[in-house]
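What follows is one structure encoded as structure tokens, with my remarks underneath.
What follows is the structure, given as structure tokens:
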């Protein structure tokens, strides 16, 4: 079967205390990105962290990460702009306008207050926008009504159901909502999280959609064993996509291992940052 683009999501809101495979500092992120791209990833998504481990969009935090990662990969590199990194959307937009080094793209969660202002600031700088549409939110409806919708790079259809037994149906529901409200004809990248990561990745393959994998979304391989790295997850994803299996995941996988549950970056049982 035709395998769509696979993006690697290197770290997200997980912390190193939860798993030793989570890259945090620029050198670790660069090493993880280089190995993931060598394994077959064609795009990189990263959450920049301050020296103390806090997610941040400040220029002084973002720039070293982008420079380190770009020194070892030749694929697009994107970042998050989630509210957990900076709750004030006006400040987020101001930081974007002050970035001396620009990512190729950045994700914007469309259900968050100020999403339009953040997306507009990115577009003004020539940065591609990934419109994050979370299941269980009004993001699809908001995005359909947005005048910026036709200008985004792609839609991230983000399935926030962490259970393998139900994530596929949740994904179908999200895709139906995007169809019903309209997605401005933009390409879709479909992905899941935790126990839902592998079932949703397989569904993306069946539907011919781009997808993503990495320790932001899961710490486990398809057989339930711990992944040693982002690169190992990418290799496993490409095998799953090439196989074209429609088998579901392990029904018991509904955990949120390794999440940073302290502060706005960690959601516990709620969806975590993109």
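Residue numbers (my numbering): 17 to 290. Ideal Cβ positions, reconstructed from N, Cα and C, are used throughout, including at glycine. On a predicted model such as this, the values are computed, not experimentally measured, just so you know.
Work out the CA separation of residue 247 and residue 55 for me, nearest whole Å.
Spanning the two alpha carbons is a distance of roughly 6 Å.
State the DSSP-derived secondary structure class of residue 36, mapped to helix, strand or coil.
Coil.
Taking a contact to mean a Cβ-Cβ separation below 8 Å, would you say residue 176 touches residue 152 in this structure?
Yes, Cβ-Cβ distance for residue 176 and residue 152 is below 8 Å.
Starting from the N-terminal side, write out each stretch of the alpha helix (DSSP H) that is 4 residues or longer and does not extend beyond the region 77 to 165.
105 to 114, 131 to 140, 155 to 160, all fully within the region 77 to 165.
Do residue 53 and residue 81 count as a contact pair if the criterion is CB distance below 8 Å?
Going by C-beta atoms, residue 81 is not nearer than 8 Å to residue 53.
On the DSSP bridge assignment, give the partners of residue 236 in chain order.
Its beta-bridge partners are 242.
Within 10 angstroms of the Cβ of residue 241, are there 16 or more other Cβ atoms? Answer buried if so, exposed if not.
Answer is exposed; the Cβ neighbour count stays below 16.
Would you call the CB atoms of residue 164 and residue 139 closer than 8 Å?
Yes, the Cβ-Cβ distance between residue 164 and residue 139 is below 8 Å.
So for residue 291, helix, strand or coil by DSSP?
This structure gives no information on residue 291, because the portion of the chain shown stretches from 17 to 290.
To the nearest angstrom, how far is the alpha carbon of residue 155 from that of residue 224?
Roughly 23 Å between the two C-alpha positions.
Any idea what DSSP makes of residue 188, helix, strand or coil?
Reduced to three states, the DSSP call for residue 188 is helix.
Would you kindly work out how many angstroms separate the C-alpha atoms of residue 128 and residue 160, rounded to a whole number?
Each residue's Cα considered, the two are about 15 Å apart.
Would you report the Cα separation of residue 45 and residue 21, rounded to the nearest angstrom?
Each residue's alpha carbon lies about 20 Å from the other.
DSSP state of residue 171, grouped into three classes?
Here residue 171 sits in strand by DSSP.
Expressed to the nearest angstrom, what Euclidean distance is found between the alpha-carbon atoms of residue 182 and residue 188?
Roughly 10 Å between the two C-alpha positions.
Could you pull the start and end residues of the alpha helix (DSSP H) that residue 231 belongs to?
No alpha helix (DSSP H) holds residue 231; DSSP gives it neither H nor E.
Would you kindly report the start and end of the unbroken alpha helix (DSSP H) that includes residue 216?
It spans 213 to 223 - the alpha helix (DSSP H) in which residue 216 sits, taken as one unbroken run.
Pick helix, strand or coil for residue 177, following the three-state DSSP scheme.
Coil.
Using C-beta distances below 6 Å, list every residue in its chain close to residue 24, excluding the 5 sequence neighbours before and after it, in chain order.
Cβ neighbours of residue 24 beyond the five flanking positions: 52, 57, 60, 230, 246, 250.
Return the CA-CA distance between residue 6 and residue 260, expressed in angstroms with no decimal places.
The requested residue 6 does not occur in the structure, where the chain is confined to residues 17 to 290.
Taking only three categories from DSSP, how would you classify residue 44?
Residue 44: helix per DSSP, three-state reduction.
Assuming residue 95 and residue 78 make a contact with CB atoms under 8 Å, what is their CB distance in whole Å?
Residue 95 to residue 78, Cβ: 7 Å. Contact.
If you run the structure through DSSP and keep just helix, strand and coil, what is residue 255?
DSSP places residue 255 in helix when its eight states are reduced to three.
Taking the alpha-carbon positions, what's the residue 203 to residue 169 distance?
Approximately 8 Å, taken between the alpha carbons.
Assign residue 71 to one of three DSSP states: helix, strand, or coil.
It is a strand residue.
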